[in-house]
Amino acid sequence: MTFDDPTPLIGLEIHVALATDSKMFCPCETEFVREPNTQVCPVCLGLPGALPVLNRRAVELGVLCALALDAEVYPEMQFERKNYHYPDLPKGYQISQLAAPMAENGIMSFTDDDGGEKEARIRRVHLEEDAGKSIHLPGEGTLLDFNRCGVALAEVVTEPDLHSPADVRCFLEQLRELLRHTGASEVRMEEGELRCDVNVNLVHNGEGTPGRTEISEVKNLSSFRGVERALQYEVERHRQALRRGDPLTHETRHWDEEREVTFSARSKEESHDYRYFPDPDLHPVRIPRAMIDDLQERMGELPRARRRRLSREYDLSSYDADVLVGGGLADFFEEVVAEGSNAKAAANWVMGELSAHLNAEDIGIDELPVQPGQLAQLLDMVDSGEISGKIAKEVWGAVVQQGCDPRAIVEERGLSQISDDAQLESLAREVVEEHEDVVRDYRSGKEKALGFLVGQIMQKTQGKANPQMANEKLREIISREGCE
Amino acid sequence: MMTCDLSRLTLMQMRELIDAGEVSREELVRAALSAVAEGDEVLGAFLEVDEEGALAAARAADNTGGQTGGVLDGIPYAAKANICSRRMTTNCASYMLADYRSPFDAKVVASTGSAGGILLGKTNMDEFAMGSSTENSAFHKTRNPWDLDRVPGGSSGGSAAAVAANYVPAALGSDTGGSIRQPASFCGVVGMKPTYGSVSRYGLIAFASSLDQIGPVTRTVHDCAAVLDALVMRDKRDSTSTSHPDSGRFSESVAASGEDLQGWRIGLPREYLGDGIDPRIREVVRGAADGFTGLGAEVRECSLPHTDYALPAYYIIASAEASSNLARFDGVRYGMRTEGESVLDLYLNSRGEGFGPEVKRRVMLGTFALSAGYYDAYYLKAARTRGMIVRELEQAFSDFDLLLTPTTPMPAFGIGERVEDPLAMYMADICTIPANMAGIPAISIPGGRVDGLPVGIQLMAPRFADERLLRAAAVYERVTGDRGANPSCPGDVPTEGVCDR
Ligand SMILES: [Zn+2]
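Residue numbers (our numbering), protein chains in the order written: chain A, 1 to 484; chain B, 485 to 985.
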């Protein structure tokens, strides 16, 4: 590690909108609406005399989020007031947590772009309310929309354990998946449901003495691309400053999306003394052990663990496990296997035919009119040679249309594969007699000619002949006849 | 019939006459309105009176037969100007909110309304409840009905004066460090701060949220209990509100309180009778102690050594909370707005012009106490001190049913006498602050006179023993108390029909 090869240290403060129906301290709805200031009440507008009442659901979802990050949830937490003036902060303080947060000491593992396993420690997870939105119209003034004001947020703070902008993107993408999986947040990026402050500096061993650059913080990034680009810019800026020996200052910076640069915020914004103190309107909140256990149980297996288990238990490639878990297909897959299907065949079918059908119809797995048992039945018929793979696709087409059992379709349409030895023998004989010239070609070494003959058998049986057996039967007859 | 006579009635007397059909609700409201019209030009108890609204409500109740069984049915009452009501402004006696109209009723306004009470007007106060004389009102001064050159106390001075002057039988005040009890003492009426959490703060414009509590000002203990019956209930919209074991039974309990206090143990903490207390007031309290002994109670001196720390700790905690509670008044969305070059200028100009000097002093004091580097030495230490005061009082209540103290260290002082000396003003709350710090109930009832001015005695009880407090106060009032404390119409509080109809 020298000036030329310094390591970035990156930490994140992530604000996630929890998937509550109502705001954190009032009954206002949280559903995103365009019309400004329509989802407000005296409480979230901070009108004189109004008081906050904690939304229990916000606590549950916050705890879910903490559990998903393997953090320790404390039995009691306290809301505090973070005091600062801003026009979109109607009370002049934000209800947040400082000294007694909901949870601390978590960890999140993630996979980087090269498939490597990495981890970042989670320093804390706490609850707080969102502020309103300021819309600055240059030359005209500022408009305020309080629809978002008071929405329940979880703030996730990591240790500076991330070492590249790409890793940060991977971390965030996998965090999003985790939060969606647990139901803690829907993480609708376009509605600002995940926003991120990043802090970054470089550690180096320039001229043999270890050192580090001053931390810069880039605030309020609302897209993963923005996070990655801003971090790339910052890392490069620090690297160049280091190389040139330019001093860096500990500062807050903003990301200019258009120009793709960060720029220094006015230093005034940094000198905040938030004067936190316990909010006297809200007593300390107890989080009962039973509630934590219950949430832990309902949360079930987390995606990463499941991926690992799927590939181990069913001998799937990690790619297949990724597709099944990431595509929300794993439950269906496991149920099919539980019905007795071969795992590899089930995985292929779920990722292939089933997934293609969902895409074509633009429906979710919940809307699929096929039960796992029905797919298992279909795969079983293929496995036992009762139908061919080709017929299976046809049957599948009928199953997804009509939602009835594959076996019923096979019987109704007479699609059972012809595997009867005598029947195949007579068919093969017929074909050999009808196409003497082709048989001659085969005998003279044209292997391909056999394919033509198999095709003829298939034609005669509308594709129901067992191709493997037809093949063998033909060889058998031709070689027998040759000896006569 | 003299309308003045009607407004002199106590709440319970009005109650009886309405229930007997001998007087209409409209007559009572008209009597109150004319008493205000007659006297308030000089007294200044009200900031706003809603004549039309009150009369309309009274007539409507008369036409429908009123709120059946409503404890306050047809009773005109006043509310302090920091209690939100849809009718009239809710201005906290501040330029900041001069024209502010709340879009909602405070829980106490709603519940007194559903008990049939008729809101007559909003009363004057120290700006944002910060003060002990009502001289910090941005709009006008309120005079003491007993001596027009003296203050009525504060910050609920308007409420106390309105009741003492017989405009209304009851008024709502708020008590953060004595703001109901101290003016009740100065004006010779009954004022109670219930247990913290027993009356919803929803719609009370906060001064110091962990200390604020709404309570009644009345002329008798029984009336106080009747108002509490309408006020005390759990409110889902106030997270610090709790259900009360005696909710709805206060009036009943007072009516059945009997004639003696046989077996009661009453503590007389000597720290409340020290040098800072006017000797004549000490005498009144000792006289009251004898009175309680005469009623069969066992009165013993005791010691609460942490009492002296209550006042400084209070000023840190109350100011810290106030600095945050008042941050919302920034000129952006409502209230006074004075434009500036930047957002910062907008804040500075609006707050600079909107707030009076005492409010600014407390906001600065509180901001300082919470600042990085000072938090531990001030706010945190004050919070710990508060914990010690709580434990000390809890300990005392294992030996005593009640504590007896003065309500104020001095009788009502002259208008202008203390405005230049904030510390001297702060001392006016020295006896009342500990009850707020501990969240316990406390009541001030008339205890005697000093130079013809009324002075109150204070009784304190453990948390949720409000009913106990009221019973003892009622017995004392009935048998021994300074009855007939009634400045504008001297004489006994009338006990039976005074209306020659
Ligand atoms: Zn709301």
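Idealized CB from N, CA, C, for every residue including glycine. The structure displayed is predicted, hence computed values, not measured ones.
Q) Would the beta-carbon of Ala577 of chain B fall within 8 Å of that of Ser621 of chain B? A) Closer than 8 Å, so yes.
**Q.** Cβ separation of Gly884 of chain B and Arg718 of chain B, assumed to be a contact under 8 Å, to the nearest whole Å
**A.** Per the sequence shown, residue 884 of chain B should be read as Phe rather than Gly. With a Cβ gap of about 28 Å, Phe884 of chain B and Arg718 of chain B do not count as contacting.
Exercise for the section: List the endpoints of the continuous alpha helix (DSSP H) containing Ala541 of chain B. Expected result: Element bounds for Ala541 of chain B: Glu535 to Thr548.
**Q.** Where Gln423 of chain A sits in the DSSP three-state scheme
**A.** The answer is helix: DSSP assigns Gln423 of chain A an H, G or I state.
Interface residues of chain B facing Lys91 of chain A [CB-CB closer than 8 Å]:
Result: Ala811 and Arg812.
Taking C-beta to C-beta, are Val336 of chain A and Val325 of chain A nearer than 8 Å?
No, they are not a contact pair.
Legend entry - Neighbour flag for Ser658 of chain B against chain A, beta carbons, 8 Å: Chain A contact via Cβ: absent.
Candidates B:Asp633, B:Gly747 and B:Gly751: which alpha carbon is nearest Leu877 of chain B's? Looking from the CA of Leu877 of chain B, the closest CA among B:Asp633, B:Gly747 and B:Gly751 belongs to B:Gly751.
Extent of the continuous alpha helix (DSSP H) to which Val235 of chain A belongs:
Counted as a single uninterrupted DSSP element, the alpha helix (DSSP H) harbouring Val235 of chain A occupies residues Phe224 to Arg244.
**Report entry** Sequence-distant residues of the same chain with beta carbon closer than 8 Å to Ala545 of chain B, five excluded per side
**Finding:** In chain order, Arg509, Gln551, Asp557, Gly558, Gly600 and Ile602 place their CB closer than 8 Å to the CB of Ala545 of chain B, counting only its own chain and leaving out the 5 sequence neighbours on each side.
### Residues that DSSP places opposite Leu888 of chain B in a beta bridge
Beta-bridge pairing by DSSP links Leu888 of chain B to B:Leu943.
>> Is Gly150 of chain A a contact residue of ligand 1, with contact defined as CB to any heavy atom under 7 Å?
In response: Gly150 of chain A: yes, Cβ under 7 Å from ligand 1.
- Interface residues of chain B around Asp273 of chain A at Cβ under 8 Å? For Asp273 of chain A, the chain B residues whose C-beta falls within less than 8 Å of its own C-beta are Ser855 and Ala856, listed in chain order.
| query | Terminal residues of the continuous beta strand (DSSP E) containing Leu221 of chain A? | reply | Secondary structure note for Leu221 of chain A: its beta strand (DSSP E) is the uninterrupted segment Ser216 to Leu221.
Burial state of Glu117 of chain A (16 or more Cβ within 10 Å) = With fewer than 16 other CB atoms across the displayed protein chains lying within 10 angstroms of its CB, Glu117 of chain A is exposed.
- What residues of chain B sit near Leu54 of chain A, judged by a beta carbon separation below 9 Å? By Cβ distance, chain B contributes Ser723.
So is the beta-carbon of Val40 of chain A under 7 Å away from any non-hydrogen atom of ligand 1? The answer is yes for Val40 of chain A.
For Ser727 of chain B, return the contacting residues in chain A, with the cut-off set at a CB-CB distance below 9 Å.
Simply none; closest approach about 15 Å.
Relative to the C-alpha of Ala540 of chain B, which candidate in B:Val513, B:Ala866, B:Val507 and B:Ala563 has its C-alpha closest?
For Ala540 of chain B, the nearest C-alpha among the options comes from B:Val513.
Notebook entry, point to check: Are Ile941 of chain B and Leu888 of chain B close, meaning C-beta to C-beta below 8 Å?
Noted result: In contact: Ile941 of chain B and Leu888 of chain B (Cβ atoms closer than 8 Å).
Handout entry: Nearest-angstrom Cα separation, counted from Ala613 of chain B out to Val520 of chain B
Key = Between Val520 of chain B and Ala613 of chain B, the C-alpha separation is close to 23 Å.
| query | Should Pro138 of chain A be flagged as near chain B, meaning a C-beta pair shorter than 8 Å? | reply | Taking Cβ atoms only, chain B never reaches closer than 8 Å to Pro138 of chain A, which makes this a no.
Suppose only complete runs of 3+ residues qualify. What are the beta strand (DSSP E) ranges in the region 53 to 97 of chain A, listed by chain order? Complete beta strand (DSSP E) runs here, min 3: 80 to 83 and 93 to 96.
Leu282 of chain A touches chain B at which residues, Cβ-Cβ below 7 Å? For a Cβ distance threshold of 7 Å, residue set Ser723 of chain B lies close to Leu282 of chain A, ordered along the chain.
query: Quick one: is Arg985 of chain B buried, meaning 16 or more other Cβ sit within 10 Å of its Cβ, or exposed?
result: Per-residue confidence for Arg985 of chain B stands at a pLDDT of 32, beneath the threshold of 50, marking its modelled position as unreliable; no derived number is given.
**Chain-ordered chain A contacts of Ser693 of chain B [CB-CB under 7 Å]** = Listed along chain A are Pro280 and Asp281, each with a C-beta nearer than 7 Å to that of Ser693 of chain B.
Q.
Within a Cβ cutoff of 6 Å, which residues of the same chain sit near His624 of chain B, ignoring the five residues on either side of it in sequence?
A. Within the same chain, His624 of chain B has close Cβ partners Gly528.
Check: Measuring from the CB of Val33 of chain A, is there a heavy atom of ligand 1 at a distance below 7 Å?
Finding: No, ligand 1 has no heavy atom inside 7 Å of this Cβ.
Using 8 Å as the threshold, is the C-beta distance between Arg955 of chain B and Ser741 of chain B below it? Yes. Within cutoff.
Just the chain B side, please: which residues come within less than 7 Å of Gly46 of chain A by C-beta, in chain order? Contact note: Gly46 of chain A reaches chain B through Arg812, using a C-beta cutoff of 7 Å and chain order.
Discussion item. By the 7 Å beta-carbon criterion, what residues does the region 817 to 841 of chain B contribute toward chain A?
Written reply: Only those residues of the region 817 to 841 of chain B whose C-beta falls short of 7 Å from the nearest C-beta of chain A are listed: Arg817, Val827 and Tyr831.
- Is Gly637 of chain B closer than 8 Å to Ser617 of chain B when the C-beta atoms are compared? Yes, these two residues count as a Cβ contact at 8 Å.
query: What are the uninterrupted segments assigned as alpha helix (DSSP H) that are 4 or more residues long and contained completely in the region 716 to 741 of chain B, given in chain order?
result: The region 716 to 741 of chain B contains these whole alpha helix (DSSP H) runs: 734 to 739.
Out of B:Gly732, B:Leu493, B:Ile914 and B:Met580, which one is the CA nearest neighbour of Thr702 of chain B?
Per the Cα distances, B:Leu493.
heavy atom of ligand 1 below 7 Å from Cys28 of chain A C-beta
Result yes, Cβ under 7 Å from ligand 1.
Q.
Between Pro42 of chain A and chain B, is any beta-carbon pair separated by less than 8 Å?
A. Taking 8 Å as the CB threshold, Pro42 of chain A lines the interface with chain B.
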